[in-house]
Each structure stands twice: as structure tokens, then as C-alpha cells.
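Everything on this sheet refers to the single structure shown next.
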Amino acid sequence: MTDYEMHDPDFSGTTTDEWDEPQLEDFDTDDLSEVADHFILSASGFPPENFTDLKLPVVDPDGNLNKNALQTAKSGGHGVGAVDELDDDKRDEIEDTIDELANENFEDADFGD
Numbered sequence: 001m002t003d004y005e006m007h008d009p010d011f012s013g014t015t016t017d018e019w020d021e022p023q024l025e026d027f028d029t030d031d032l033s034e035v036a037d038h039f040i041l042s043a044s045g046f047p048p049e050n051f052t053d054l055k056l057p058v059v060d061p062d063g064n065l066n067k068n069a070l071q072t073a074k075s076g077g078h079g080v081g082a083v084d085e086l087d088d089d090k091r092d093e094i095e096d097t098i099d100e101l102a103n104e105n106f107e108d109a110d111f112g113d
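Every letter in the sequence shown is one number past the one before it in UniProt numbering, and letter 3, counting from 1, is 3.
Here it is as C-alpha cells:
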């Protein structure tokens, strides 16, 4: 079982723009420790060993927390439910983090129970 590490992403603003999962070339840097700040989860810790270790991007390459990305991370086909080998406790912790990020940073967000 993969021992995923979770952390709070780093962001400077918020947006509700359309969301497409970013690729490494979308970032102005190839420094994985900086790129990792846009993600919630890593299969190899923070900083990650490889870009592909990063899961659940919620901050766009411009540094904005994206409400649509949070929705995708919560319930989309590329979200927490699609991450292999997560135990139920870790999945719950990640979902709680996503809910908190949305509810605390977007006035009209209604994530959670």
C-alpha cells in the first residue's frame, strides 16, 4: 500500500475559473518543491521524487486556489475517490481538508456534510 503524504497547498488568491488538471509544463518552474505547493497529496512525500507522484491539484499554476479544482478533488473522476490504495481514515482526512479549504475561502461554498 502506498503511504501517501498530505499537506495544505500554498496559494495567494482564489478563483472560480474553469479547471483543467495542470501538467508540469504549465508551471513557470520545474522545481518540484514549488510545484508541489499546488497539490494536496504526494505518493513520495514533499517535495516529491517525481511530478507523477503528486495527486489532487487544487491551486492553478498562477497560485490561485480554484473552487472547481476543489470540487474535482472531492468528487470528480480524478478526485480522492480515484486515488488507489488510500485507507478510509486518510481519505476522510483529505476530504475534510478539501471541505475546509472551500468553505473558508469561497463565500458561496457549501462543501461537507
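In this text, a Cβ means the ideal position worked out from N, Cα and C, and glycines have one as well.
- Contact between the stretch 25-35 and the stretch 75-87 is not established, with fewer than three Cβ pairs separated by less than 8 Å.
- Residue pairing by DSSP places Asn66 opposite Thr15 in a beta bridge.
- For secondary structure counted as the beta strand (DSSP E) over 3 or more consecutive residues, the stretch 1-55 holds these complete runs in sequence order: 13-15 and 39-42.
- Under the DSSP assignment, Asp60 falls outside any alpha helix (DSSP H); it carries neither an H nor an E label.
- Residue environment: Asn66 is assigned as buried (16 or more neighbouring CB atoms within 10 Å of its CB, all protein chains considered).
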